[in-house]
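What follows is a short report on a single structure.
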Amino acid sequence: MFALRTAAARAMPAMAMRAAMIPKTLASSAMVARAGSVSAMRSFSNTPFAWSKADKELITVIENEIKHEEEQGDETPEYIAEYLKTSPFQVTDKPGSDEVILTRKFGAEDIKVVFSVSDINSADDEEGLDAEDDLEDDDMQQPNQSLSASGDDEKEEEESDDESLTFPVRCLITISKPNAGSIAVDTIAQDGAFIVESISNIKDSALACASTAEADWEKRGLYSGPPFAELDEDLQIAFEKFLEERQINGDLANFVPNYVFHKDQIEYTRWLKDLKGFVSTK
């Protein structure tokens, strides 16, 4: 019996050693397997990215468009440069921003004119609808209607060539006085004139000049007065003179759409380059 106990005692350490060795072997195998997986993942991630046919085609088209736009030139047009030389307004135009801000001082007043480049897209939509209406009108005319004389045609062509940019641009004009709040004038610059739509009295000048969504929502709840066109004619004339004295006049109304057109070209080229940079990044 003592011999059996001695044999059993000798066998137990050996069994324990074998049991201890089993998980180490399994662990080593698992580590080798994981190492192989990591190596495979690394080799996969290091595979160079290849542009697809669609990517290459898009990049080529964008490059051609950029080249075309740059050939048009991005220099400031003479009309804009001349206006800014003599105008009291200072331009704030941040690259990549849709908004343009003109500011000036008039006595104790702070005057700000804000407009958006995106209005040029609205103008394109309206021109498309007008063109469709013109085609419909032409189709309704009698086929035997005589053509205009050649002299009249030439005159019309000359008049069309002389036309400047006349698409409508919505402008918000804010005039503020210390301790007196502000007035916000909703206008449209078109055909060399400002068309006043409404005038709002805003006691809080900070609110009047704010351009956040919250401020816009709060301003919508304020009484904006009757439509300007429904005011007494003498009042309309007097207010238009009030604006003209502050050089919110025909020159500025012509400047705004011209500046919108110029900035739109610059922003479009910048947009193309950013798009190309994204598509071509591997």
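According to our numbering, the stretch in the sequence shown is residues 7 to 288, in order. We put the CB at the ideal spot given by N, CA and C, even for glycine.
- Of the residues assessed, residue 217 falls on the exposed side of the cut-off, its CB having fewer than 16 other CB atoms within 10 angstroms.
- A residue is called buried when at least 16 other Cβ atoms come within 10 angstroms of its Cβ; residue 125 meets this threshold and is buried.
- For the 8 Å CB-CB criterion, residue 194 and residue 203 form a contact.
- Rounded to whole angstroms, the separation of the alpha carbons of residue 271 and residue 82 is 11 Å.
- In this structure residue 67 is exposed. Its beta-carbon is surrounded by fewer than 16 other beta-carbon atoms within 10 angstroms.
- By the beta-carbon neighbour count (other beta carbons within 10 angstroms, threshold 16), residue 205 is buried.
- Spatial neighbours of residue 266 in its own chain (CB-CB distance under 6 Å, excluding positions within 5 residues in sequence) are listed in chain order as 123, 126 and 175.
- Uninterrupted alpha helix (DSSP H) stretches at least 4 residues long and entirely within the region 177 to 264 occur at 211 to 215, 219 to 226 and 239 to 251, given in chain order.
- In this structure residue 96 is exposed. Its beta-carbon is surrounded by fewer than 16 other beta-carbon atoms within 10 angstroms.
- In the structure shown, residue 125 falls within a helical segment according to DSSP collapsed to helix, strand and coil.
- Minimum Cα-Cα distance from residue 86 among the listed residues 288, 283 and 258 corresponds to 258.
- Scanning its chain for C-beta atoms nearer than 8 Å, with the 5 sequence neighbours on each side dropped, one finds around residue 269 the residues 99, 106 and 123, in chain order.
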